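Presented below is the structure to which this report refers.
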Ligand SMILES: [Zn+2]
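In the working numbering, the protein residues as written are 3 to 386.
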């Protein structure tokens, strides 16, 4: 009961701060004395701060004290291992990102232990910078472009674009006290979008693409992972029944038409460095074969997303991750395809948009995972 009430007070201040103790009591229907005791505990645990209210011009009387979620103390660390980069982010309890780190590095095909040791070094740097800001990391989550076991914690079942198969993080992480929990990058990108979007959608599909194309489903404000954690494998939805063979063993998968390798090939470009940045640069310069290749990729993406819309009836679709940088060229054909094919329900073309977070989404989502857990259960917070 106390755990639930702590979460209620913290959640109320997070959503509506600044609030006085009396304001909080009024909003959640507990007594002023009960709220005060809960607020005191949250202050001791470093989750809330209390300060004199800034007087709002002309009001007569004693200024009150107001509660706010702390921008120091408890924080979440997010990490990401991508095919061509490593990233780290620390978010405070308000959900605000305070530390960002990103290094370009080719991780495909390298030993998992080596990549994880480098990620651990980047994590240590980010934690040191956070500590200098007065932040204390209380949980660590790692975004990976792969499937994470629903049953066995800490196991990346497969991440084909990294060349990983059954990698247990604890077997490779240098410090047993800081081993992160892995999660799928598309899921984490969707979570960041849910937290930070200007216009919140409760049910949406978040598509993130690069080497592979992943989707995450947020349904009624919750991530839908599927029975075994495989939900959202949009890249392997067939868009041409007898089309090109795919690495997954099937044929005509979306990835063969809208994955970055396919788009580069279609555009007649040779991969060097970051393929998405190269495509954006060529498209921005008006390179006709690149524009045609992106148009074709957008149509295939629209075709695959028609199935998702008809199946789950979302409020909208978000193109996130690196592909957000290609949105300018992908969105017109995605929208045209959907306008032509989604006919059994009303569908506005504005319901498809690009994520403002872009490449930062998954690593921010990884940091927010811990923040969300702490806000939902403040008894997890260590006393400061
Ligand atoms: Zn496939």
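Every residue, glycine too, gets a C-beta built ideally from N, C-alpha and C. Computed from a prediction, not measured in an experiment: that's the story for all the values here.
Cross-strand partners of residue 175 (DSSP beta bridge): Residue pairing from DSSP leaves residue 175 without any beta-bridge partner.
6 Å CB neighbourhood of residue 321 in its chain, flanking five on each side removed: 209, 329, 356
Residue 108 (DSSP reduced to helix, strand or coil): DSSP places residue 108 in coil when its eight states are reduced to three.
Proximity test, residue 249 beta-carbon vs ligand 1 heavy atom, cut-off 8 Å: yes
Environment of residue 177 [buried if 16+ CB atoms lie within 10 Å]: exposed
Contact test: residue 258 Cβ vs ligand 1 heavy atom, cutoff 8 Å: Yes, Cβ of residue 258 sits closer than 8 Å to a heavy atom of ligand 1.
Which of helix, strand or coil DSSP assigns to residue 1: As shown, the chain starts at 3 and ends at 386. That puts residue 1 outside it, with no answer to give.
Segment contact, 8 Å Cβ cut-off, at least three pairs: the segment 10 to 18 with the segment 345 to 365: Judged by Cβ distances under 8 Å, the segment 10 to 18 makes no contact with the segment 345 to 365, as fewer than three pairs qualify.
Contact under 9 Å by Cβ, residue 237 with residue 223: Result no, Cβ atoms of residue 237 and residue 223 do not sit closer than 9 Å.
Range covered by the beta strand (DSSP E) that runs through residue 354: 354 to 356
Cutoff 8 Å; reference residue 248; Cβ partners in own chain excluding five residues on either side: 238, 254, 255, 257, 258
Per DSSP, cross-strand counterpart(s) of residue 210: Checking the DSSP bridge columns, you'll see residue 210 partnered with 216, 322.
Segment limits, alpha helix (DSSP H) that includes residue 364: 363 to 378
DSSP bridge partner residues for residue 89 (one or two, in chain order): 82, 104
Minimum Cβ-Cβ distance from residue 279 to chain B less than 9 Å: Among the chains in the structure shown there is no chain B, since it carries only a single protein chain.
Backbone CA spacing between residue 373 and residue 71 [nearest angstrom]: 12 Å
Cα-Cα separation, residue 470 to residue 4: Outside the displayed span of the chain (3 to 386) sits residue 470, for which this structure offers no information.
Within the segment 260 to 326, ranges of the alpha helix (DSSP H) (whole runs, at least 4 residues): The segment 260 to 326 contains these whole alpha helix (DSSP H) runs: 262 to 269, 277 to 286, 290 to 314.
The segment 282 to 296 touching the segment 100 to 117, judged by at least three CB pairs closer than 8 Å: no
Cutoff 7 Å; reference residue 37; Cβ partners in own chain excluding five residues on either side: Cβ neighbours of residue 37 beyond the five flanking positions: 11, 23, 26, 27.
For residue 68 and residue 165, the rounded distance between their alpha carbons: Cα to Cα, residue 165 sits roughly 52 Å from residue 68.
Residue 266 versus residue 46 - alpha carbon distance: 55 Å
Buried versus exposed call for residue 308 [16 or more other C-beta atoms within 10 Å across all chains shown]: buried
Cβ-based neighbour list, residue 353, same chain, cut-off 6 Å, excluding 5 preceding and 5 following: 318
Rounded straight-line distance, which links the Cα of residue 105 to that of residue 363: 16 Å
Coil, strand or helix - residue 334 by DSSP: helix
Bridge partner(s) assigned by DSSP for residue 139: 77
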